[in-house]
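Q:
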Amino acid sequence: MASPSSKAFLSLGRIYIPLLGFNKSSGKVTYATALSINSSSGNKGLPDRGGRGSLGRRPRRDAGEPRTEKMPVDQDWTAVYPAAAPFRPSSVPLPVRMGYPVKGGIPPEKKGNLELIKIPNFLHLTPAAIKKHCEALKPFCTEWPSALDTDAKCDEHFPIKVESTDYVSAGPSLRNLSARIVHLRNYDYAMYLLTVLYHESWKTEAWEAEKTVADMEEYSWEDSPSQKNVLDLLLRMKVAGEGDGEEVRQQLLGRREVQEYKDSVTRLKNEGESESGMVQYKEAVKKVFNL
Amino acid sequence: YLQNKKTAKFYPSIRFLYPSCHRNRAARIRVGKGDRPVTYEQAHHPHHIAHRKGWLSQHTSNLKGEDRAAERTIEDVFIRRFVFGTFHGCLANEIVIKRRGNVLSVCAVMLQKLPPQKFYFLIGYTESLLSHFYKCPVKLEIQTLQDKAVYKYL
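Chains as they are written, first to last, in full-length UniProt numbering: chain U, 1 to 291; chain L, 1 to 154.
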C-alpha cells in the first residue's frame, strides 16, 4: 500500500531537515513536494503534523457511531460485560444521568461522566451472568443435606465455623495473606489440629484411673459429704423406728425436696455464690425441713 | 553593615497577618467572568466529596485492620503524573484508579487529539512500564471524547 511507505518518506524528510542544515524555507519545499506526490494517492496516510498553517486540513477519520446504536434488544449481555470493567458509556445502551444538576438544569449525561466511572458497577453480575456462573460450578458441587434446614441444626452438628473476609485486600503484593480469598493452608492446619485433639481426648491413660475427689473439675453430689449429712438428718428427723436401711436411703433420695436440695448445692458449688443461688438454696433447705 | 542592606519595602511573609489567608483555596476554581469552561470535577469543591462527588481512587487499605495505605497513595500520585505527562494535552478529566485484587486499573477519559495508532502505542507503553515498575498487572481503560465535558462556565 502506498500510505505506509509515504509515511516513512515523510518522517524521513522531517528528521533529516535539521541534520542537513536546511533552512526553513527549503525544508518547506521538501515537505511540499512530498505532499504533491501523495495527494493523488489519498489523504488517509497524512496525520496532522503540529498544524503548520497552510496545511490546516484535518483529514482525520471521524469516530464511528457508538456500539449502543447497533445493539439488538435481546443480545447476550454477558458478552458485553464478561468481567468487572469500568462504565463505558458507548457500551451501555441506557440513558443514565449522574451528578448534581446546575441550577435550573438536569444531571449531566453519561458521555464523559467521570462520576459513573468512579463508582463500582455490577454490570457483569446480571441474573443471566450469575446463572451462567452457577451452571459452570454445578459439576463440582454436591447436594445440600436436607436435614440441615435451620441454622440451629447446622450449629449443633457443625460447631466449628470458618471465618473469611468479604473483600480481598487490593495491593500489588500477593504475599499479603488477606489478598487471598481463602486461607487454604491455615484452614487445613486448623482441621488437622482439631482432629488430633478430639482423638486424644478419647484416649484414657492408665493414671487417669487414680483420679480422686480432689481432682474432679466439677462438683458431683452423689457420694459427697453433703448427701450423707442430709440423709442422716432426715432419718433422725423422721420416725426413729423406721430403721436405717439402704432402701430407706434410696427412697429418701427420690423425694422431690432432696432433689431440689441437691440441685441448689451443686449449683452453688459449681457456679460460685450468687444472689439467686443463695435464694434457691434457702428455699430448698426450708422445704427439706418442712419449715 | 547598614550600608550593605538594601532598602526594600517590608512585606513579611507571615500568613496570619493577612486576612486573605483565612480563605480556603484548596482545589477551587474561583468564579470569574463566565467564559472559562469547567468540568464537574473542577466545579465542585473538596467539601462536596461524598456528597456530590465520588472518590478518584479506590483500594482496600483504608479499611479496618488493613495496612499500606501510604504506599497506595504514593503509587496513585505517581501514576497520575505519569499518565498526565505521557498523554500530554489529551486528558479530558482526572484519572480514576481502581484496584481489584492484584490488578491496578487506570480509567481515563481522553480527547481525540492523537491518531489511534499513537494512542495504542502509548497505552501499551504505559501498561508495560507501570506493570514492571509496580510488579502487578496494570490495565489502562481509555474512553475518548471529541471535546471536554463542560459542566458550567465560571
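Every residue gets a Cβ at the ideal spot worked out from N, C-alpha and C, and that includes glycine.
Buried or exposed: which applies to Leu140/L, given that a residue is buried once 16 or more other Cβ atoms fall within 10 Å of its Cβ?
A: Its Cβ being crowded by 16 or more others within 10 Å, Leu140/L is buried.
Q: For Glu257/U, does the three-state DSSP call read helix, strand or coil?
A: Helix.
Q: Along chain U, which residues have their Cβ under 9 Å away from the Cβ of Ser105/L?
A: Simply Ala84, Ala85 and Pro86.
Q: Quick check on Ile14/L: does DSSP put it in helix, strand or coil?
A: Three-state result, Ile14/L: coil.
Q: To the nearest angstrom, how far is it from the Cα of Lys131/U to the Cα of Thr126/L?
A: Computed Cα separation, rounded: 37 Å.
Q: Under a three-way DSSP split, which group does Leu129/L fall into?
A: The answer is helix: DSSP assigns Leu129/L an H, G or I state.
Q: Report back the beta-carbon spacing between Met110/L and Cys136/L to the nearest angstrom; my notes put them in contact at under 8 Å.
A: With 8 Å as the limit, Met110/L and Cys136/L do not qualify as a contact, their Cβ atoms being about 23 Å apart.
Q: Examine the Cβ distances between the region 75-91 of chain U and the region 106-124 of chain U and report whether three or more of them are shorter than 8 Å.
A: In short, these stretches touch, since the Cβ pair count reaches three.
Q: Work out the CA separation of Leu63/L and Pro145/U for me, nearest whole Å.
A: Straight-line Cα distance between these residues: approximately 37 Å.
Q: If distances are taken between C-alpha atoms only, which option among Ala149/L, Ile14/L and Leu129/L comes closest to Asn93/L?
A: Of the listed residues, the one whose Cα sits closest to Asn93/L is Ala149/L.
Q: Specify, as a first and last residue, the run of the alpha helix (DSSP H) that Thr78/U falls within.
A: Where Thr78/U is concerned, the enclosing alpha helix (DSSP H) stretches over Trp77 to Val80.
Q: Please tell me whether Gly277/U has its Cβ less than 9 Å away from any Cβ of chain L.
A: Not an interface residue.
Q: Tell me the DSSP secondary structure of Tyr151/L in three-state form.
A: Three-state result, Tyr151/L: coil.
Q: Are the CB atoms of Gln143/L and Lys98/L within a distance shorter than 9 Å?
A: Their beta carbons are not under 9 Å apart, which means Lys98/L does not touch Gln143/L by this criterion.
Q: How about the region 72-86 of chain L and the region 19-36 of chain L: do they share at least three Cβ pairs that are nearer than 8 Å?
A: Contact fails: fewer than three Cβ-Cβ distances are below 8 Å.
Q: List, in order along the chain, the chain L residues whose C-beta lies closer than 7 Å to that of Leu114/U?
A: Residues of chain L passing the Cβ test: Tyr40, Glu41, Asn93, Glu94, Val96 and Val109.
Q: Mind pulling the chain U residues with CB within less than 7 Å of Ala27/L?
A: Those within 7 Å of Ala27/L in chain U number zero; the least Cβ separation is about 15 Å.
Q: Name, please, each residue of chain U whose Cβ falls closer than 7 Å to the Cβ of Gly54/L.
A: The answer, in chain order, is Glu115, Lys118 and Ile119.
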